[in-house]
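Heads up: the sequence shown begins at 313 in my numbering, then just goes up one per residue.
We put the CB at the ideal spot given by N, CA and C, even for glycine.
This report refers to the structure that appears directly beneath it.
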Amino acid sequence: MKKLEIRFSIISLICASATLLFGLVVLAGWLFHIPQLVQITPLAFIQANTALCFLLSGMALLLLDRSFLQPVRIFSIFLLSFGGLTLCEYLFNLNIGVDELLFKDFIYTGVSHPNRMAPNTALCFSLYAIALYTSTYLLRSRKGNLTTAILSALVFVLASIALSGFMVGLEEAFGWGQMTRMSPQTAIGLLIISTGLMSLAWKNAVRVEGGFPLWSAPFASVMVLTIFVGIWQSLVIGERQFMKSDIRLKHETMVSKFHFELKDRLLALERLGSRFVTNFTEGNYRAEWEVDAKNYLNHYGDFSSIDWVDPDYFVKWKLVYSGGKDSHDLNLIDSAQLSPVMSISRETRKTLFSPVYSNFKGQKIFCVFSPLFYEEKFIGFIRGNFIVENFMGNIFGKGKAEIQSSFFEDGLVFFERKVDEPADPEQWMISSDLEYSGLKWNVQCIPEKSYLLDMRSVKPEVVMVFGMLLAWALGAAIRSSQKAREHEQDLITSNLRLEEEFSKGQQQSRALELSQKKYKTLFNQVRSIIEDVSRYSGNELYAELAKNIAESMDFKYCVVGELDPKEDKKIRTMA
Numbered sequence: 313m314k315k316l317e318i319r320f321s322i323i324s325l326i327c328a329s330a331t332l333l334f335g336l337v338v339l340a341g342w343l344f345h346i347p348q349l350v351q352i353t354p355l356a357f358i359q360a361n362t363a364l365c366f367l368l369s370g371m372a373l374l375l376l377d378r379s380f381l382q383p384v385r386i387f388s389i390f391l392l393s394f395g396g397l398t399l400c401e402y403l404f405n406l407n408i409g410v411d412e413l414l415f416k417d418f419i420y421t422g423v424s425h426p427n428r429m430a431p432n433t434a435l436c437f438s439l440y441a442i443a444l445y446t447s448t449y450l451l452r453s454r455k456g457n458l459t460t461a462i463l464s465a466l467v468f469v470l471a472s473i474a475l476s477g478f479m480v481g482l483e484e485a486f487g488w489g490q491m492t493r494m495s496p497q498t499a500i501g502l503l504i505i506s507t508g509l510m511s512l513a514w515k516n517a518v519r520v521e522g523g524f525p526l527w528s529a530p531f532a533s534v535m536v537l538t539i540f541v542g543i544w545q546s547l548v549i550g551e552r553q554f555m556k557s558d559i560r561l562k563h564e565t566m567v568s569k570f571h572f573e574l575k576d577r578l579l580a581l582e583r584l585g586s587r588f589v590t591n592f593t594e595g596n597y598r599a600e601w602e603v604d605a606k607n608y609l610n611h612y613g614d615f616s617s618i619d620w621v622d623p624d625y626f627v628k629w630k631l632v633y634s635g636g637k638d639s640h641d642l643n644l645i646d647s648a649q650l651s652p653v654m655s656i657s658r659e660t661r662k663t664l665f666s667p668v669y670s671n672f673k674g675q676k677i678f679c680v681f682s683p684l685f686y687e688e689k690f691i692g693f694i695r696g697n698f699i700v701e702n703f704m705g706n707i708f709g710k711g712k713a714e715i716q717s718s719f720f721e722d723g724l725v726f727f728e729r730k731v732d733e734p735a736d737p738e739q740w741m742i743s744s745d746l747e748y749s750g751l752k753w754n755v756q757c758i759p760e761k762s763y764l765l766d767m768r769s770v771k772p773e774v775v776m777v778f779g780m781l782l783a784w785a786l787g788a789a790i791r792s793s794q795k796a797r798e799h800e801q802d803l804i805t806s807n808l809r810l811e812e813e814f815s816k817g818q819q820q821s822r823a824l825e826l827s828q829k830k831y832k833t834l835f836n837q838v839r840s841i842i843e844d845v846s847r848y849s850g851n852e853l854y855a856e857l858a859k860n861i862a863e864s865m866d867f868k869y870c871v872v873g874e875l876d877p878k879e880d881k882k883i884r885t886m887a
C-alpha cells in the first residue's frame, strides 16, 4: 500500500504545483495588463479574484500534503470569503466591493459586473474551501476522508459540466443566464485542484483503512454517473436549442415570405395606379384599365377583386377575379374599418393595408389602398381585395403542415394553419410581429410533435447509457479489486495460521519422540532388572529394583526411615 500512497501523493503534488503556477501567471497578466494571459478565448476570461483563489488553493494543497494545518485553515477562510461574498453579491444584487479590491477591470467583454468571478466559479471555490477546512480536522478519519472526497467531487463535476458545455458550444453550461461566464481555463483549473484534493483524501483513506476504502466503488460510480448526467443534459439542451433555432429560422423565413408577398402586391397596385394616372380619362380608359387589372388578377390569383374607388370613397369600377359581378360594399365612406385607412392613405399619399374584417358572406378579408393623384388633384384609389383564406393558401401551398401557424390582429386570431398534434406552446412557441404599410399582425408558430421527434437524435441517450455502463463497470472493477485484495489478505492470514499450527505440531512431535526414547530406556532397564531377578531375593531385590527405577527417573532413592525432611522437602514413596 505504500506505493499506492506515494502515487496519490505525487498526483496531489503535481496538481498543487500546476494550480499555483496557473494562478501566478494569470495574476501577472492582471498586474502588467497582458490580455493574452487573462483571456485566451473571446468567450470568457479569468478574473483577478479567480486567479488569486487558484494561487491560495495551490498553496493550501501543498501545505495540507505536508500536514501544515494551521496555514491551510487560514487559506481556506480566505477562499470561502471570496467565494461566499461573491455568491451573496449575485443572490442579493449587491456590490460589496470585493470584485475590484485588488485590480481594476481592463476587459469588459461578456461580464455582467466588472472583475467579478462567475457564480458557478464562486460556488466551486466555496465548496473547495469547506473541503480544505474540514480536512484539517477529519482527514485522518474515515468520515473525514469521505467528506473531503465528496466535496472535491462536487467541484470536479461542476467544472466538468462547464467545460463540456464550452466544448459543445452550449453557453448555459458554463454561464448562468446573463451573469459572468466561467472561462474554459477556469474550468480546467478547478478540475486540477479538485483532483489534487481527492487524491489526498484517497491517500489518507488508504493509509487509515490499509487499502481502498469501502466507499471507493460507489463513490467512483456516482462521480462518473454525475459527470455523464451533466454531459447528457448539456446535449439535450443543445439539441433543444438546435431544434428551436431551426423552428425560429422557419418562422422567420415564413414571416419574411409574407412580407415579400405583401410588398409585391402593394407594388403591383402602385404600378397599376401609375398607369391609371398617366392615361386618366374616365371615358376611354376603363377598357384598358380592366384589361390591365385582369392581367394582375390572373397573374397573382389571390386578389378577389381590384377596384377603382372615386374621391367620394365609392367603388366606381370593380373587376372580380371569378369574372362575375359584386355589388356589395360599394360605398366605403361609412365603413368603420376602411374609411380611416383611406383617409390616412390620402393624407400621407402612401399605399396602406386595411385591418382584417368580415364581408357580407362572413369571409375574412383585408384590402390595400393605393392613392391616385392627377396634377396634384386626388382622383381616388386603386383597391386590391384579398380573401384571407385564399391569400394564405396561395402562399403556404398544399403541402402537409409541420408547423402550426396562427395570425393575430389586435389579439384576435383571423387565420390558423393547424397541425394534427401541436407541441407544448410554453416550450416551443415562436412569436413575432409583422408590420408593413399599416398592417400589424402577430405571427405565432408551434411545431408538430412528430416534427420534433423526427429532429431528435439518439446521441444524448447513447451517451447516458454509456455513462451508466461505465459507472457500473468502474464500480464493479473497484469492488472486484477490493474483494480480490480481501481474499488475498484472508489467504495470507490463513497461511500464517497454518504455519503457526504446523510449527506447534513439529514441537509436539519432537517432545513425543523424546518421551518415547525416555520410556523406551526405562522399559529396557525394567526388563533388564526382571531378567536379573533370579539372582536376587527378598528385600535386596526390591531395594535394587527401586534404586534402578529411581535412578532412571531422576528420583532420589533412600530408605523411608533414613530420609531427612530438611534435606529434601519432596518425599516420594515407591511401592
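CB of residue i within 8 Å of CB of residue j, strictly
i	j	result
Q716	I742	no
I473	S369	no
S682	T663	yes
A443	T460	yes
I707	F588	no
S617	Y597	no
L584	A599	no
W620	I699	no
N427	A517	no
L512	D377	yes
V775	I408	no
F719	V755	yes
V384	I358	no
N819	A529	The sequence shown places Gln at residue 819, not Asn. For Q819 and A529, no; Cβs fall outside 8 Å.
Among the options, the one whose alpha carbon lies nearest that of residue i
i	options	result
E317	F468, A465 and R519	R519
I841	L826, K829, Y449 and K859	K859
L642	S447, F672 and Y633	F672
I549	H611, S476 and L724	S476
L364	D411, Y402 and L406	D411
E574	A372, L381, F615 and T590	Checking the sequence, you will find Leu at residue 574 rather than Glu. Here the closest residue by C-alpha is F615.
D624	H563, I691 and D576	I691
R577	T590, Q828 and L609	L609
N361	F390, M510 and L381	F390
M535	K515, V680, M510 and I861	M510
E738	L406, T448 and K556	K556
F678	Q794, Q545 and E721	E721
T498	L765, L349 and I386	L349
Where residue i falls: helix, strand or coil (DSSP)
i	result
P667	coil
L561	helix
Y686	strand
E733	coil
E412	coil
L374	helix
F708	helix
S821	helix
N702	helix
Y625	coil
L406	coil
E551	helix
E773	helix
F478	helix
E714	coil
L751	strand
F357	coil
N427	coil
F380	coil
E643	Note on identity: in this sequence residue 643 is Asn, with Glu being the wrong assignment. Correct three-state label for N643: strand.
K878	Any answer about K878 is weak, because its pLDDT of 48 lies below 50 and its placement is not dependable; what the coordinates show is given next. Three-state result, K878: coil.
H345	coil
N457	helix
W527	coil
Identified DSSP bridge partners for residue i
i	result
Y440	Paired residue(s): none; Y440 is not in a bridge.
D619	K630 and R695
K676	S670
S743	Q756
L724	E721
F681	L664 and R695
Proximity test, residue i beta-carbon vs the ligand FAD heavy atom, cut-off 7 Å
i	result
N671	The ligand FAD is absent from the structure shown, which contains no ligands of any kind.
With three or more C-beta pairs closer than 8 Å as the rule, is the region 640 to 656 touching the region 665 to 682? Short answer: they touch.
Do the region 525 to 545 and the region 327 to 337 make contact, defined as three or more Cβ pairs closer than 8 Å? no
Any contact of the region 778 to 785 with the region 527 to 542, i.e. 3+ C-beta pairs under 8 Å? The answer is yes - the region 527 to 542 touches the region 778 to 785, with three or more Cβ pairs under 8 Å.
Taking contact to mean 3 or more Cβ pairs, one atom from each stretch, closer than 8 Å, check whether the region 392 to 402 and the region 339 to 346 are in contact. no
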